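Data block below; observations after.
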Amino acid sequence: MNTSQSTTSSDDGVNSVNMAAIANRQRWQDVVFHRTTQSFSLLVLFALVGIIVSLFINAWPTFAKFGAHFLWYVEWDIINQEFGAAISVVGTVLSAGIAMLLAVPLAFGIAVFLTETCPVWLRRPLGTAVELLAAVPSIIYGMFGLFVFAPVYADYLQVPLQSVLGGMPLVGWMFGGATNGLGILAAGIILAFMVLPFVAAVMRDVFEITPPILRESAYGLGCTTWEVVRKVVLPYTQTGVIGGIMLGLGRALGETMAVTFVIGNANRMPTTLFSPGTSIASVLANEFGEAEGLHFNTLFALGFLLFCITFVVLALAKWLIIRTEKAKGH
Amino acid sequence: MTMQPSPLYRKRKRTNLMGLTLSMIAMSLGLIALFWILFVLFSNGLAALELTLFTNDTPAPGSEGGGLRNAIVGSLMIVGLAVLVSTPIGILAGIYLTEYGDTSKTAEFTRFVTDIMLSAPSIVLGLFVYAIAVATVGNFSGYAGSLALTLIAIPVVMRTTENMLRLVPGSLREAAFALGAPRWKVSTMVTLRAAKSGVITGLLLALARISGETAPLLFTALNNQFYSTNMGAPMANLPVVIFQFAMSPYENWIQLAWGGALLITLTVLALNILARVFFREKVKV
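Sequence order for the protein chains is X and Z. The first sequence: position 188 = 188 (this note's numbering), numbered continuously. Just add 1000 to wherever you are in the second sequence, counting from 1, and you've got this note's numbering.
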């Protein structure tokens, strides 16, 4: 292949024909390249549409049978083919909610430490450690949760919580149930372990791009470090922070392995924080292998629901980020 | 002349101290979590790390010993195929978004969708691939597993390629155009080459990400108790084997699960560290 280099004056006549041919060939190559890359990039769009369509088609018998009632029907009877999404959805939302409640303040603390108080030579190793923690596969967290965390959690967290708070009027009901190391709270805590490094890394990245001049002006006025973070950095980065939190939420909602090991896998509506429950992802992981008939369709219906929920959360996160970047004039 | 600090100033100092102490506590909790998990992983997994792990196949329920050879080989094949397929697709799609699409509505929407697919629950992708590649064909297969992993890897490669290509200065492209190079050559031989190290970093990160994915393989490649290199049939793979063994009552199975978990974590960490070191060395901004 040759590029169209300028020719020497002596072969003008011959090479002008060649040059036209070369130019035509290159134009044709460009068209091919353009269309190829375009089709690959549209592949992602087609995949998304394909996912939604195939999930919905396979879920249709369940939706046809139960209708909208499916969403709040509290039932999971495989033998009589009566299914409801409420149990799994509640488990998913509860465990993800607990995870975010625990992880977000901790992540904020880590991000503040890494950007403000940490000595400079320590910043990169610690930052790398947090990012590596975010890269650990989720099944590791699941195994950690089941084999190591559950016994410790049962003895040193569940039993004291139950004895101290179990008798209290307003919150006592939350801490009833068997203290066997599994359950909704356990799943929430393990999910928090998993989501924490991710949200911390996003928050730290976002804090780091605050223009130094803003921070230094605040310091120049005599603000303490904490005031700079709360009144200058946080408002400036708030949409990035919220976007990061929602990304973490999206991950927590869809997480399978970390949850399946410790949530208890009981198809009953959880009544306390310690009671076993199930999340959509863990129901799919456990029951898909042997499902048939309406059970099979219902699992697809749950998958469709999960995809819709996470799609909405992630779309909202993106929209928030884009909107305030536009407002800032980026 | 010394000044007495006013009560307001003292209160502000107190709040500051409390806040920073809390953040340091948060950091220590995070580090404790990291080291706890790694410590547990190493102490439980090292016991299983002997030569038989790599030479024996997964044991039947109840039988002694065994290793993870078929799972390791299966994982290598499935992940390898996924990377092989997702690399050209992801890079070319990333090139399209940067060089051709740029600000068009389609490109904006594609970026939006890619970001969503990046964080989509992987089990739902597994369901989708089941519906199109397993139910239609009639059997689980390593190919279906690779397809699921490819669907996860493509958005990652696309995004990192696009971000890296954006960093290439426009003057480089313009110089190439000025020399009369056709557009495809500018994109591949000039821009992509300049962003090479960043793109490779993205590939390493995608590889690290799909090595640890369990859920999409659950209903696509399933599992295989025996050694098999037939991608058209169910294939053993490390994550699903770990899942199955860890939830079982057999001692040797649980120990093998820890060994497998250690292998996966070491691989993922090594890939991440390699990506970081590689990127830092090559990119001198």
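Cβ coordinates follow ideal geometry from the N, Cα and C atoms, glycine included. Bear in mind the structure is a predicted one, so any value in this text is a computation, not a measurement.
Contacting residues, own chain, Cβ-Cβ under 6 Å from residue i (five flanking each side not counted)
i: residue 198/X; result: 134 and 248
i: residue 110/X; result: 200
i: residue 1212/Z; result: 1264 and 1268
i: residue 1227/Z; result: 1057 and 1070
i: residue 159/X; result: 179
i: residue 1081/Z; result: 1146
i: residue 1222/Z; result: 1140 and 1234
i: residue 7/X; result: Because residue 7/X sits at a pLDDT of 48, beneath the cut-off of 50, its placement in the model cannot be relied upon, and the following sentence gives the value as read from the coordinates. Only 15 meet the Cβ criterion.
i: residue 1144/Z; result: 1129, 1133, 1134 and 1220
i: residue 1272/Z; result: 1208
i: residue 1093/Z; result: 1158
Buried or exposed by the 16-neighbour rule on C-beta atoms within 10 Å, applied to residue i
i: residue 1224/Z; result: buried
i: residue 79/X; result: exposed
i: residue 220/X; result: exposed
i: residue 171/X; result: exposed
i: residue 68/X; result: exposed
i: residue 1055/Z; result: exposed
i: residue 1254/Z; result: buried
i: residue 317/X; result: buried
i: residue 17/X; result: exposed
i: residue 162/X; result: buried
i: residue 319/X; result: exposed
i: residue 125/X; result: exposed
i: residue 1182/Z; result: buried
i: residue 151/X; result: exposed
i: residue 226/X; result: buried
i: residue 1280/Z; result: exposed
i: residue 1109/Z; result: exposed
i: residue 1229/Z; result: exposed
i: residue 1184/Z; result: buried
Own chain, CB closer than 8 Å to residue i, minus 5 neighbours either side, in chain order
i: residue 1118/Z; result: 1155, 1156 and 1159
i: residue 153/X; result: 181, 186 and 189
i: residue 1042/Z; result: 1262
i: residue 65/X; result: 294
i: residue 1115/Z; result: 1155 and 1159
i: residue 330/X; result: Confidence is the limiting factor: at residue 330/X the pLDDT is only 49, short of 50, which leaves the residue's position unreliable, though a coordinate-based value still follows. Correct list: empty, nothing qualifies.
Cβ neighbours of residue i in the same chain (closer than 7 Å, five flanking residues each side left out)
i: residue 1049/Z; result: 1259 and 1262
i: residue 58/X; result: 297 and 300
i: residue 1/X; result: Interpretation of residue 1/X is limited by its pLDDT of 49, a score under 50 that renders its predicted location unreliable; the figure taken from the coordinates is listed afterwards. Around residue 1/X: no qualifying Cβ.
i: residue 1177/Z; result: 1186
i: residue 1011/Z; result: none
i: residue 1098/Z; result: 1162, 1165 and 1166
i: residue 193/X; result: 141
i: residue 127/X; result: 114 and 204
i: residue 229/X; result: 112 and 116
i: residue 1256/Z; result: 1048, 1066, 1068 and 1245
i: residue 4/X; result: Here residue 4/X scores only 48 on pLDDT, less than 50, and its place in the model is too uncertain to base an answer on.
Residues that residue i bridges to, as DSSP identifies them
i: residue 82/X; result: 77/X
C-beta atoms of residue i and residue j nearer than 8 Å
i: residue 263/X; j: residue 184/X; result: yes
i: residue 1040/Z; j: residue 148/X; result: yes
i: residue 143/X; j: residue 1246/Z; result: yes
i: residue 244/X; j: residue 203/X; result: yes
i: residue 278/X; j: residue 91/X; result: yes
i: residue 1195/Z; j: residue 1168/Z; result: yes
i: residue 294/X; j: residue 62/X; result: yes
i: residue 1148/Z; j: residue 1059/Z; result: no
i: residue 1205/Z; j: residue 1275/Z; result: yes
i: residue 196/X; j: residue 1030/Z; result: yes
i: residue 272/X; j: residue 1095/Z; result: no
i: residue 33/X; j: residue 1089/Z; result: no
i: residue 232/X; j: residue 206/X; result: no
i: residue 191/X; j: residue 252/X; result: yes
i: residue 1152/Z; j: residue 1210/Z; result: yes
i: residue 94/X; j: residue 85/X; result: no
i: residue 307/X; j: residue 51/X; result: yes
i: residue 314/X; j: residue 89/X; result: no
Min CB distance residue i to chain A below 8 Å
i: residue 15/X; result: Judged by its chain identifiers, the structure shown contains no chain A, and its protein chains are X and Z.
### Task
Evaluate the contact criterion for the region 284-303 of chain X versus the region 100-109 of chain X: three or more CB pairs, one atom per stretch, below 8 Å.
The region 284-303 of chain X, when compared against the region 100-109 of chain X, does not touch it at the 8 Å Cβ threshold.
### Three CB pairs or more closer than 8 Å across the region 137-155 of chain X and the region 250-259 of chain X
Under the 8 Å Cβ criterion, the region 137-155 of chain X counts as touching the region 250-259 of chain X, having at least three qualifying pairs.
#### Entry: At least 3 beta-carbon pairs within less than 8 Å: the region 1182-1201 of chain Z vs the region 1061-1081 of chain Z
Counting Cβ pairs under 8 Å, fewer than three are found: no touch.
### Message
Is it the case that the region 1226-1238 of chain Z contacts the region 1016-1034 of chain Z, given that we only count it when at least three CB pairs across the two stretches are under 8 Å?
### Response
No, they do not touch.
### Contact between the region 301-309 of chain X and the region 1086-1105 of chain Z (3+ Cβ pairs under 8 Å)
With a cut-off of 8 Å, the region 1086-1105 of chain Z and the region 301-309 of chain X do not count as touching, because too few Cβ pairs lie within range.
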